[in-house]
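Chemist: One structure coming up, written as structure tokens, with questions to follow.
Number of protein chains: 2
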Amino acid sequence: MPDSAAPVSNLGFAILGLLARRASTGYEVAQRMRQPIGYFWTARHSQIYPELNRLDAARLVEHEVIEGAGPRPTKRYRITPSGQTALAAWVVGDLEPQPVRDLEVLRLWSIWTVEPDAAHDLIGRLEGAHQSALDRYLEELAEISDLPGVRDPSKPLFASRITLEGGIRSRRTALEWCAWMRAELAAAVR
Amino acid sequence: MPDSAAPVSNLGFAILGLLARRASTGYEVAQRMRQPIGYFWTARHSQIYPELNRLDAARLVEHEVIEGAGPRPTKRYRITPSGQTALAAWVVGDLEPQPVRDLEVLRLWSIWTVEPDAAHDLIGRLEGAHQSALDRYLEELAEISDLPGVRDPSKPLFASRITLEGGIRSRRTALEWCAWMRAELAAAVR
DNA sequence: AGAGACATGTAATCTGTTACATGATTCG
DNA sequence: CGAATCATGTAACAGATTACATGTCTCT
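Residue numbers (this note's numbering), protein chains in the order written: chain A, 1 to 190; chain B, 191 to 380.
Here's what the structure looks like:
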């Protein structure tokens with residue numbers, strides 16, 4: 001039984017999910033959780049190193065010291081059996097509705113305060129951002145879709161594929177919505 | 191010219207957007223920015239009162255003391271002309287790609303660690319959450335869609351309508367995605 | 001008389017970003 | 001020899017949540 005009384009944060013579960021796929025150094029975890037696709041969650045190294053130490057103290061991960069560059073010892077972390085148990089329990093746990101927080105939609109909510117030309121331009125830029133995100137996701141999906149295990153629900157690649165598919169669908173929908181908004185603006189300007 | 195050197199936070203612009211639509215007390219701002227639909231941004235009163243004071247100090251809003259309940263004076267805030275200018279400038283300003291941060295997708299990314307039955311159940315619960323959000327959005331849209339100004343891009347109701355439309359489209363897409371994921375799970379379990 | 005909405009604040013804590021700090025190895 | 005990458009940490013600050021604190025008015 002692990003040291004209880006130590007609640008794991010969302011970031012902690014993100015890291016456990018990463019390490020369940022493959023053992024990594026803190027540096028590698030930071031690379032994988034960075035731009036442009038950190039699989040729908042991001043964090044900086046300054047947040048990751050302390051969190052790894054907490055997970056380590058809670059025995060949800062363990063580390064071995066390996067040789068590597070840098071002034072301090074390089075550590076490779078791997079998830080422990082109790083880490084895997086905790087991760088699986090979190091995955092199927094209660095999901096309370098999380099607050100929506102979208103800065104771009106917040107902007108659009110005040111779009112009535114600006115001139116139609118500026119509004120049109122803003123939506124165009126939004127469209128560009130969604131398009132490039134979509135392109136990246138499609139590329140990622142193409143890279144994994146022929147790999148073995150991609151259709152097996154007990155394999156990590158299955159989960160990568162379905163979350164990527166979700167990203168693709170939502171970006172496509174956002175693009176359609178942008179086109180619709182342009183049309184709504186044009187209809188009124190007429 | 192307002193006191194410069196005072197950068198306004200995203201929360202500040204959310205509040206300015208609210209006050210641009212109608213003058214409110216801090217309490218009313220807090221009600222409007224609460225669950226279930228805070229128009230894609232939420233905040234608690236403990237964050238709102240200090241922010242209102244900062245906006246007030248920067249002359250982006252002003253207040254009058256009115257009579258009301260409570261141990262302290264009740265204040266009604268309204269946006270100032272320079273507040274409107276600042277809001278409009280923010281709306282058309284640069285949009286740097288914001289980091290994706292979705293806790294439900296993060297869960298799904300580790301769904302391969304659990305049994306197919308539990309995975310199926312999780313997706314069912316996700317579907318229920320999206321469905322109830324969709325229902326709320328549809329109700330909201332029905333309430334405003336016959337009001338005057340709803341098709342005029344210079345009116346707040348236009349912006350309410352297009353952001354609500356975005357919410358509806360994204361929830362519908364999420365529901366389709368959930369159905370697709372169930373099918374993918376079933377195909378493999380076969 | 002008690003519950004609940006109205007009304008405004010502060011304090012403690014947690015989460016996340018930016019900036020500071022150090023130093024080895026590899027490639028051009 | 002300089003730049004980039006590998007590698008790990010801490011400190012200061014900003015943003016957000018939870019809890020503490022107070023007191024009135026209205027309805028049942």
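Backbone N, C-alpha and C define an ideal beta-carbon position, used for all residues, glycine too. Quantities reported herein were computed from a predicted structural model and do not represent experimental measurements.
Comparing C-alpha positions only, which one of B:Trp299, B:Leu245 and B:His320 sits nearest to Ile205 (chain B)?
Modeler: As a first step, residue 205 (chain B) is located in the second sequence; it is residue number 15 there, counting from the start. Checking every option, the nearest Cα to that of Ile205 (chain B) belongs to B:Leu245.
Chemist: Could you give the C-beta distance for Ile48 (chain A) and Gly26 (chain A), rounded to a whole number, given that I count them as a contact under 8 Å?
Modeler: Along the first sequence, read from residue 1 onward, the residue named residue 48 (chain A) stands at position 48. Along the first sequence, read from residue 1 onward, the residue named residue 26 (chain A) stands at position 26. About 6 Å separates the two Cβ atoms, so the contact holds.
Chemist: My understanding is that Glu127 (chain A) touches Leu87 (chain A), with C-beta atoms under 8 Å, so please give their C-beta distance in whole angstroms.
Modeler: Taking the first sequence and counting its residues from 1, one reaches residue 127 (chain A) at position 127. Taking the first sequence and counting its residues from 1, one reaches residue 87 (chain A) at position 87. With a Cβ gap of about 37 Å, Glu127 (chain A) and Leu87 (chain A) do not count as contacting.
Chemist: In whole angstroms, what is the alpha-carbon distance linking Arg136 (chain A) and Thr363 (chain B)?
Modeler: On the first sequence, residue 136 (chain A) is found 136 positions in, with the first residue counted as 1. On the second sequence, residue 363 (chain B) is found 173 positions in, with the first residue counted as 1. Rounded to the nearest angstrom, the two C-alpha atoms are 19 Å apart.
Chemist: Name the DSSP bridge partner or partners of Tyr381 (chain B)?
Modeler: An answer regarding residue 381 (chain B) cannot be provided, because it is not within the stretch 191 to 380 covered by chain B.
Chemist: Beta strand (DSSP E) containing Glu62 (chain A): first to last residue?
Modeler: Taking the first sequence and counting its residues from 1, the one referred to as residue 62 (chain A) is at position 62. Val61 to Ile66 is the span of the beta strand (DSSP E), which, as asked, contains Glu62 (chain A).
Chemist: For Asp193 (chain B), is the classification buried or exposed, using 16 other Cβ atoms within 10 angstroms of its Cβ as the cut-off for buried?
Modeler: Numbered from its first residue, the second sequence carries residue 193 (chain B) at position 3. Because Asp193 (chain B) carries a pLDDT of 47, less than 50, the predicted location of this residue cannot be relied on, and no value is offered for it.
Chemist: So for Tyr229 (chain B), helix, strand or coil by DSSP?
Modeler: The residue labelled residue 229 (chain B) in the question sits at position 39 within the second sequence. Reduced to three states, the DSSP call for Tyr229 (chain B) is coil.
Chemist: Beta-carbon of Asp193 (chain B) versus every beta-carbon of chain A: anything under 8 Å?
Modeler: One-based indexing of the second sequence puts residue 193 (chain B) at position 3. Annotation note: pLDDT 47 at Asp193 (chain B) (below 50); position unreliable, coordinate value reported separately. Taking Cβ atoms only, chain A never reaches closer than 8 Å to Asp193 (chain B), which makes this a no.
Chemist: Can you name the residues of chain B whose CB is closer than 9 Å to the CB of Tyr39 (chain A)?
Modeler: Counted from its first residue, the first sequence places residue 39 (chain A) at position 39. By Cβ distance, chain B contributes Val290, Val295, Leu296 and Trp299.
Chemist: Report the partner residues of Arg76 (chain A) according to the DSSP bridge assignment.
Modeler: Counted from its first residue, the first sequence places residue 76 (chain A) at position 76. For Arg76 (chain A), which the question treats as bridged, DSSP gives the partners A:Thr25 and A:Glu64.
Chemist: Are any of the Cβ atoms in chain A nearer than 8 Å to that of Gly202 (chain B)?
Modeler: Within the second sequence, residue 202 (chain B) is the residue found at index 12, counting from 1. Gly202 (chain B) does not count as touching chain A.
Chemist: Would you please verify whether the beta carbon of Ala88 (chain A) is less than 8 Å from any beta carbon of chain B?
Modeler: Position 88 of the first sequence, counted from the start, is the residue given in the question as residue 88 (chain A). True, the Cβ-Cβ gap to chain B drops below 8 Å.
Chemist: With distances taken from CA atoms, which of A:Val65, A:Thr85, A:Ser9 and A:Ile162 is nearest Ser24 (chain A)?
Modeler: Here residue 24 (chain A) refers to the residue found at position 24 when the first sequence is read from its first residue. With distances taken between Cα atoms, Ser24 (chain A) lies closest to A:Val65.
Chemist: Can you tell me whether Ser82 (chain A) is helix, strand or coil according to DSSP?
Modeler: The count along the first sequence starts at 1 and reaches residue 82 (chain A) at position 82. Helix, per DSSP.
Chemist: Within 8 Å (strictly less), CB to CB, does Leu365 (chain B) reach chain A?
Modeler: The residue labelled residue 365 (chain B) in the question sits at position 175 within the second sequence. Leu365 (chain B) does not count as touching chain A.
Chemist: Could you check which residue in A:Pro97, A:Ala58 and A:Pro99 has the C-alpha nearest to that of Ala81 (chain A)?
Modeler: Within the first sequence, numbered from 1, the residue matching residue 81 (chain A) stands at position 81. Here residue 81 (chain A) is Pro; the residue named in the question, Ala, does not match the sequence. Nearest of A:Pro97, A:Ala58 and A:Pro99 to Pro81 (chain A), Cα basis: A:Ala58.
Chemist: Would you tell me roughly how many angstroms separate the C-alpha atoms of Leu242 (chain B) and Gln131 (chain A), rounded to the nearest one?
Modeler: Indexing the second sequence from 1 puts residue 242 (chain B) at position 52. Indexing the first sequence from 1 puts residue 131 (chain A) at position 131. Approximately 37 Å, taken between the alpha carbons.
Chemist: Residue range of the alpha helix (DSSP H) that Gln98 (chain A) falls in?
Modeler: Here residue 98 (chain A) refers to the residue found at position 98 when the first sequence is read from its first residue. That residue, Gln98 (chain A), is in no alpha helix (DSSP H); it is neither H nor E in DSSP.
Chemist: Taking buried to mean at least 16 other C-beta atoms within 10 Å of its own C-beta, is Pro153 (chain A) buried or exposed?
Modeler: Along the first sequence, read from residue 1 onward, the residue named residue 153 (chain A) stands at position 153. Label assigned to Pro153 (chain A): buried.
Chemist: Can you give the Cα-Cα distance for Met223 (chain B) and Ile111 (chain A), rounded to whole angstroms?
Modeler: Along the second sequence, one-based indexing puts residue 223 (chain B) at 33. Along the first sequence, one-based indexing puts residue 111 (chain A) at 111. Going by the C-alpha atoms only, they are around 18 Å apart.
Chemist: Looking at Thr232 (chain B): is its Cβ nearer than 8 Å to the Cβ of Trp109 (chain A)?
Modeler: Locating residue 232 (chain B) in the second sequence gives position 42, counting from the first residue. Locating residue 109 (chain A) in the first sequence gives position 109, counting from the first residue. No; because the gap between Cβ atoms is not below 8 Å, this pair is not in contact.
Chemist: Would Arg359 (chain B) count as contacting chain A if we go by Cβ distances under 8 Å?
Modeler: The sequence position of residue 359 (chain B) within the second sequence is 169, counting from 1. Interface residue, yes.
Chemist: Does the beta carbon of Ile238 (chain B) sit closer than 8 Å to a beta carbon anywhere in chain A?
Modeler: The count along the second sequence starts at 1 and reaches residue 238 (chain B) at position 48. Ile238 (chain B) does not count as touching chain A.
Chemist: For the alpha helix (DSSP H) that Asp117 (chain A) lies in, which residues bound it at each end?
Modeler: The count along the first sequence starts at 1 and reaches residue 117 (chain A) at position 117. First-last of the alpha helix (DSSP H) with Asp117 (chain A): Pro116 to Ile144.
Chemist: Could you work out which residues of chain A lie near Ile352 (chain B), taking near to mean beta carbons separated by less than 7 Å?
Modeler: For the purposes of this step, residue 352 (chain B) is identified with residue 162 of the second sequence, where counting begins at 1. Per Cβ cutoff of 7 Å: Leu108, Met181 and Glu184.
Chemist: Could you tell me the alpha carbon to alpha carbon distance between Arg297 (chain B) and His253 (chain B), rounded to whole angstroms?
Modeler: Within the second sequence, the letter at position 107 stands for residue 297 (chain B). Within the second sequence, the letter at position 63 stands for residue 253 (chain B). The straight-line gap from Cα to Cα measures roughly 45 Å.
Chemist: Along chain B, which residues have their Cβ under 9 Å away from the Cβ of Arg125 (chain A)?
Modeler: Along the first sequence, one-based indexing puts residue 125 (chain A) at 125. Within 9 Å Cβ-Cβ: Asp284 and Leu285.
Chemist: Can you list, in chain order, the residues of its chain with a C-beta nearer than 6 Å to that of Met191 (chain B)? Leave out the 5 residues immediately preceding and following it.
Modeler: On the second sequence, residue 191 (chain B) is found 1 positions in, with the first residue counted as 1. Any reading at Met191 (chain B) must be qualified, since the residue scores a pLDDT of 47, below 50, and its modelled position is unreliable; the value itself is stated next. If we look at Met191 (chain B) and ignore the five residues flanking it on each side, it has no Cβ neighbours.
Chemist: Anyone know if the C-beta pair for Leu19 (chain A) and Ile79 (chain A) falls short of 8 Å?
Modeler: In the first sequence, counting from the first residue as 1, residue 19 (chain A) sits at position 19. In the first sequence, counting from the first residue as 1, residue 79 (chain A) sits at position 79. Yes, the pair counts as a contact, with Cβ atoms nearer than the cut-off.
Chemist: Among A:Glu28, A:Arg161, A:Val92 and A:Ser170, whose alpha-carbon lies nearest the alpha-carbon of Leu312 (chain B)?
Modeler: For the purposes of this step, residue 312 (chain B) is taken as residue 122 along the second sequence, with counting starting at 1. Considering only alpha carbons, the answer is A:Val92.
Chemist: Can you look up Asp56 (chain A) in the DSSP assignment and give me helix, strand or coil?
Modeler: Within the first sequence, the letter at position 56 stands for residue 56 (chain A). Asp56 (chain A): helix per DSSP, three-state reduction.
Chemist: Check whether the Cβ atoms of Ala319 (chain B) and Pro99 (chain A) sit closer than 8 Å, and answer yes or no.
Modeler: Mapped onto the second sequence, residue 319 (chain B) falls at position 129. Mapped onto the first sequence, residue 99 (chain A) falls at position 99. Not closer than 8 Å, so no.
Chemist: Helix, strand or coil: how does DSSP classify Leu298 (chain B) here?
Modeler: Locating residue 298 (chain B) in the second sequence gives position 108, where the first residue counts as 1. Note: Leu298 (chain B) maps to helix in three-state DSSP.
Chemist: Can you list the residues of chain B that Gln84 (chain A) reaches, using a CB-CB cut of under 8 Å?
Modeler: Sequence index remark: in the first sequence, residue 84 (chain A) carries index 84 (1-based). The contacting residues are Thr303.
Chemist: Leaving out five residues before and five after Ser160 (chain A) in sequence, what residues of the same chain have Cβ atoms less than 7 Å from its Cβ?
Modeler: The count along the first sequence starts at 1 and reaches residue 160 (chain A) at position 160. Counting only Cβ-Cβ distances below 7 Å, and skipping sequence neighbours, we find Ile144.
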